[in-house]
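Student:
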Amino acid sequence: MKATQCFFQDGEHKWLAIVRDPERPDALIDTNEYLVAYNGAGLLLDPGGAEVFPAVFSALSAEFDPAALAGLFASHQDPDIISSLALWLEFNPKLPCYVSWLWASFIPHFGGSAESFVSIPDEGMEINLNGLPLQAVPAHYLHSSGNFHLYDARARVLFSGDVGAALLPSKTDGLFVENFDAHIRHAEAFHRRWMGSNEAKRAWCERVSRLSIDMLCPQHGAIYQGPDVERFINWFDGLRVGVAVG
Amino acid sequence: MIPDSGTTPRSLAHRSAGQDLVRIVQINEEIKSIVAVAFKINIMALNAIFLAKRAGSTALGFGVLSNELRVFSQDLKNAMGGLSGVIHKAVSDVSVLLQDQRMLRLLQEAEVRSGGNIRVREALRARYDRMEAHRANLALQRRQLQLVLGNVAQLVELGGVLAKSAKIEAAYGQAFSSSLSQVSGEFDGVVEEIRRSLGHLNKSEFFSSR
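Sequence order for the protein chains is A and L. Here my numbering is used: the first residue of the first sequence is 32, the next is one more, and so on. Here my numbering is used: the first residue of the second sequence is 84, the next is one more, and so on.
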C-alpha cells in the first residue's frame, strides 16, 4: 500500500506526496504522485501507470476526496506518468488532463477523447486551481520533447517530473534527501542517459534559478529541500548529459 | 465461466465498477467525517470527567456516566480504526475491479473484431476469471463493511442511551446543573450526528449493487 504524506500545509493549501508502495511488483519502477490541494479542490500531478492505479487511488482517498479533483497534470507522455488516465476518466469522465500540446493526440492511446485534454503551449501557461495560480514551466527535452514542470509560487514548491529523479536502493524510503552526496550517486546515471540535451538542461537551470524554491519534487526518489535544491541545480548544470555507451 | 462470444453482451465487461468507485468514495468521505466526530467525542468525554470531578458529590451519577462515556469513546475510536481499515481495502478492491473491466472491455472488442480469435478468447477468459475472483473478493469486503457498520451502529445506540442518561443526571447537579446539561447535550448531539451519518451509509447503493 502506498503512503500519503503531507509535506506542505498553509491552511487549506496543501501538497501531498503519494509514495513508496512495498507491494509494488519489482518490474515496475517506483513513482511519486503529488497532489496540490487548495480550498477543497485538487490537482493530481503525474497520476501514474495503470498498474498502480488501485494503490494510488486508495492512498489518495485516505487523505483527500477524489471527487474534488479539478484535474490531472501530466509532465509528459510516458506510461509511468499517465497510462492510468482511462481509469481516472472512468471515475470522473469530466476530469481535464493538462499536458503538452505535443502529446494531445498520443495520450488518447491510453484513453480519453479530445475533450479530455487541455493542451499546454510550448512557452507554458498558468493553471488556476480554485484561485491558486500554478505555473506550467517548460522543461522540454528533459527528458521528453514536450515536457512541463509545475511551480507553486505561494508554497515555493517545484514539481520537477523526471528532473531530480533518483533510482534509490529498495530500503531507502525517506521522503526527503538526507545526504545529498550519497543521494546524487543514485541520480547520476539516470540523468546522463535520460536527459538528452545539454542546451535544454542549461536553459532549465537558468529558468528555475530565478524561482524561489524551498522544495524540488521529482517523480522518482526523494524530495530536495532547503540548500539541497540549489545544490541539485548546480550539480545538474555541471553534468554532461545525453551520453550513452554504444 | 465467460459465455460464448456470440452470446456475450458487451455490457458484461462494463457493469458498474466506475459507479461503485464513486459510491465507495462517498462512503469513505462519510466515514472520514464520522472518524473526525468520534475524535471530538473523546475530548468531550475527558471534559465530562473533569467537570464531574469538580462537581463532586452533587454529580455522583453523572460521574459514573462520564466514565462510561469515556469507555464508550475509546470503543468508538477502536471501532473507527477498524472501519477505516475495511473501507481502505474496499476502495482498493473497487479500483482493481475497474482495472479488470477496462481490460476486459478492450479484449472483448478485440475478440469481436478478430472474428473470435482463439488466443484472444483465451486471454479474455483468463481476464474474466480474474475479474470474477476480484468481484467475489469485493463482495466479501462489502459484507465485512456492512458488518463493521452494524457493530458501530450498535455501539452508537449505546452511546445514545448513555448521553440521554447523562442528561437526566445533569438535572441533579445543583450548582453545576447547567454546565453538566450543556456537556450531556453536546454528547447527545454528536451521537445523533454519527447516527445520521450511519443511516446515510446504510442506504448507499454500494451495498445493493452487484
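Virtual Cβ for every residue (Gly too), placed ideally from N, Cα, C.
Give the straight-line distance between the Cα atoms of Ala90(A) and Gly144(L), rounded to the nearest whole angstrom.
Tutor: Rounded to whole angstroms, Ala90(A) to Gly144(L) spans 45 Å at the Cα level.
Student: Mapping DSSP to helix, strand and coil, what is Ser262(L)?
Tutor: In the structure shown, Ser262(L) sits in a helix (DSSP, three-state: H, G or I).
Student: When the Cα atoms are used, what is the spatial distance from Arg153(L) to Ser262(L)?
Tutor: Going by the C-alpha atoms only, they are around 18 Å apart.
Student: Name, please, each residue of chain A whose Cβ falls closer than 7 Å to the Cβ of Glu240(L).
Tutor: Simply none; closest approach about 28 Å.
Student: With a 10 Å radius around its C-beta and 16 neighbouring C-beta atoms as the bar for buried, classify Gly269(A) as buried or exposed.
Tutor: Gly269(A) comes out exposed.
Student: Kindly give me the distance between the Cβ atoms of Gly102(A) and Leu126(A), rounded to whole angstroms, as I take these residues to be in contact under 8 Å.
Tutor: At roughly 6 Å, the Cβ-Cβ gap stays under 8 Å, so Gly102(A) and Leu126(A) are in contact.
Student: If I follow the unbroken beta strand (DSSP E) through Lys160(L), where does it start and stop?
Tutor: That residue, Lys160(L), is in no beta strand (DSSP E); its alpha helix (DSSP H) goes Leu143 to Arg196.
Student: Looking at the C-beta of Ala100(L), does it have a partner C-beta in chain A at a distance below 9 Å?
Tutor: Yes - at least one Cβ of chain A is within 9 Å of the one on Ala100(L).
Student: By DSSP's criteria, Leu189(A) is part of a beta bridge. Which residues make up the other side?
Tutor: In the DSSP output, where bridge partners are listed per residue, Leu189(A) has Tyr182(A) and Leu247(A).
Student: Does the beta-carbon distance from Arg238(A) to Pro139(A) come in below 9 Å?
Tutor: Against a cut-off of 9 Å, the Cβ pair of Pro139(A) and Arg238(A) comes out as no contact.
Student: Let's see if you can read the secondary structure: which residues bound the alpha helix (DSSP H) around Lys125(A)?
Tutor: Where Lys125(A) is concerned, there is no enclosing alpha helix (DSSP H), given that its DSSP letter is neither H nor E.
Student: In or out: Gly80(A) buried (at least 16 other Cβ within 10 Å) or exposed?
Tutor: So Gly80(A) ends up on the buried side.
Student: Should Ala145(A) go down as buried or exposed, given a rule of 16 or more other Cβ atoms within 10 Å for buried?
Tutor: Exposed: under 16 other Cβ atoms inside 10 Å.
Student: So, with DSSP's three-state summary, where would you put Ala108(L)?
Tutor: Rather than Ala, the amino acid found at residue 108(L) in this sequence is Val. Reduced to three states, the DSSP call for Val108(L) is helix.
Student: Per DSSP, which residues does Trp46(A) bridge with? Please list them.
Tutor: Answer by DSSP bridge pairing, in chain order: Phe39(A) and Val67(A).
Student: Determine the contact status of Ala253(A) and Ala167(A), defining contact as a CB-CB distance below 9 Å.
Tutor: Not a contact, by the Cβ cut-off of 9 Å.
Student: Between Tyr255(A), Ala220(A), Gly273(A) and Met246(A), which has its C-alpha nearest Arg233(A)'s C-alpha?
Tutor: The option with the nearest alpha carbon to Arg233(A) is Gly273(A).
Student: Do you know how far the Cα of Ser267(L) is from the Cα of Ala253(L)?
Tutor: So the alpha carbons of these two residues sit roughly 7 Å apart.
Student: According to DSSP, simplified to helix, strand and coil, what is Trp132(A)?
Tutor: In this structure, Trp132(A) counts as helix in the three-state DSSP scheme.
Student: Could you spell out where the beta strand (DSSP E) holding Ser150(A) opens and where it closes?
Tutor: Ser150(A) -> beta strand (DSSP E) spans Phe148 to Ile151.
Student: Leaving out five residues on either side along the sequence, give the residues of the same chain with a beta carbon under 7 Å from the beta carbon of Leu242(A).
Tutor: Counting only Cβ-Cβ distances below 7 Å, and skipping sequence neighbours, we find Tyr182 and Leu189.
Student: Run the CB neighbour count on Pro258(A), radius 10 Å, all protein chains shown included, and call it buried at 16 or more, exposed below.
Tutor: Pro258(A) comes out exposed.
Student: Between Gly146(L) and the rest of its own chain, which residues show a CB-CB distance below 8 Å, the 5 nearest in sequence each way excluded?
Tutor: The residues are Ile132, Ala135, Lys136 and Ala138.
Student: Using beta carbons (cut-off 9 Å, strictly below), is Met32(A) in contact with chain L?
Tutor: Judged by the 9 Å Cβ criterion, Met32(A) is in contact with chain L.
Student: In or out: Asn159(A) buried (at least 16 other Cβ within 10 Å) or exposed?
Tutor: Exposed, by the Cβ-count rule.
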